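K.L.:
Positions in the sequence shown are counted from 1; adding 1323 to them yields my numbering.
Built from N, CA and C at the ideal position, the CB exists for glycine as well.
Here the structure is a predicted model, which means the values were calculated and not measured.
Handing you a structure now.
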Amino acid sequence: MTDQNQTAADLQQRIADLRAEALDLRFSRLSQADALDLGEWLLARCRAEGHCVIVGVNLGEQVLYRAALPGTTADSHTWIDRKFAGVGRFGRSTMELELENRCDPGFSTNRGLDQVSYGLFGGGVPLYVGDLMVGAIGVSGLESSEDHRLIVETIRAFKAAQSA
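Pasting the structure below:
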């Protein structure tokens, strides 16, 4: 839900919801092998839903996983990098950052964020183990909220499988 006609109160409520959601997406453990599997799960979900996207997982500064489905372009990689730059700087999802930017037109300018380096559009989510941010997972190629949804649903399913 990213309708441009939302009120400031609607946007603030959505931001609060995203912050609560972010706590639910934290892992108790996430190895390099787990993160690689998570990328595969995300790719499988995107394929199953017939999306033309690129998916990525970084652990720290290491590019751990990238996969581009048919129909994407080399430019798609740049979008993932830009989203991950926002995640890395703020430790929050790019969906939350997009809404913050819409609430506060000076958000980007006041923080010195240039549009070439930072992509404040949904589709980048930090990976946390407890309170420690260890990386990011991303999707690019769809509408902002849809990119975000794919990640959230995948993380929830992956965590449920880890717990089983």
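My assumption, with CB atoms under 8 Å, is that Arg1405 sits in contact with Ser1440. Please give the rounded CB distance.
P.N.:
So it is a contact: roughly 7 Å between Cβ atoms.
K.L.:
Tell me the DSSP secondary structure of Ala1397 in three-state form.
P.N.:
Coil, per DSSP.
K.L.:
What separation, rounded to the nearest whole angstrom, lies between the Cα atoms of Val1378 and Trp1402?
P.N.:
Roughly 10 Å separates the two Cα atoms.
K.L.:
For Ala1371, name the three-state secondary structure that DSSP assigns.
P.N.:
Note: Ala1371 maps to helix in three-state DSSP.
K.L.:
Tell me Tyr1451's beta-bridge partners as DSSP assigns them.
P.N.:
Tyr1451 is bridged to Met1456.
K.L.:
Taking 8 Å as the cut-off, decide whether the C-beta atoms of Leu1387 and Val1380 are in contact.
P.N.:
In this structure, Val1380 lies closer than 8 Å to Leu1387 by Cβ.
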